[in-house]
Amino acid sequence: MLQYLGTWLVGHELRHASQLYGYFASILGLVFFLYLAAEITLVAAEINVVRARHLYPRSLTPPFTPADEAVLTALALQSQRSVNESVRVEFSQGSEKTASEATVEPDATRGGIRIDGFQSVLIV
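Okay, structure coming up:
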């Protein structure tokens, strides 16, 4: 659908342009199409991750939802570089502190680590 819209737009806008301006406009249109396709692909990939890991609903401000805590825990555990390291994540709600410690297991089959059911692939 994006290609059909782009084809129609280029054909409609470049009908009365000179050959030189038409060439430049075609190049700019191609760059814009590549940018738009990359943005759509990126948003689709982010939506797939959120749906696959059930990372919704998210809150904008504290108190954090379980999905927020799962995301923040996974982000903190990404900094773990060795099996001998231990990363602990704590979330405080008001004056009471709650600790969330995830289990980290090496996963040699995919070259990463498995964090409480989430697969994190480390690229070295």
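Note that my numbering gives residue 44 to position 19 of the sequence shown, counting from 1, and the numbers run on in steps of one. Even for Gly, the Cβ is constructed at its ideal location relative to N, Cα and C.
- Taken in chain order, the whole beta strand (DSSP E) runs of length 3 or more contained in the segment 64-100 number zero.
- Between the segment 82-89 and the segment 57-73, the count of Cβ pairs shorter than 8 Å is below three; the stretches do not touch.
- In this chain, the alpha helix (DSSP H) harbouring glutamate 38 covers 27-38.
- Taking a C-beta distance under 8 Å as the contact criterion, alanine 101 and valine 112 qualify as a contact pair.
- Threonine 98 sits buried, since 16 or more C-beta atoms from the chains shown fall within 10 Å of its C-beta.
- Considering only Ser51, Val35, Leu27 and His79, the residue with the shortest C-alpha distance to glutamate 64 is Leu27.
- Taking valine 75 as the centre and dropping the five residues before and after it, the same chain places the C-beta of Tyr81 closer than 8 Å to its C-beta, in chain order.
- Beta-carbon to beta-carbon, arginine 83 and alanine 92 are separated by about 5 Å, close enough to satisfy the 8 Å threshold.
- For the set Thr66, Tyr46, Ser51 and Ser43, the Cα lying nearest the Cα of tryptophan 33 is the one of Ser51.
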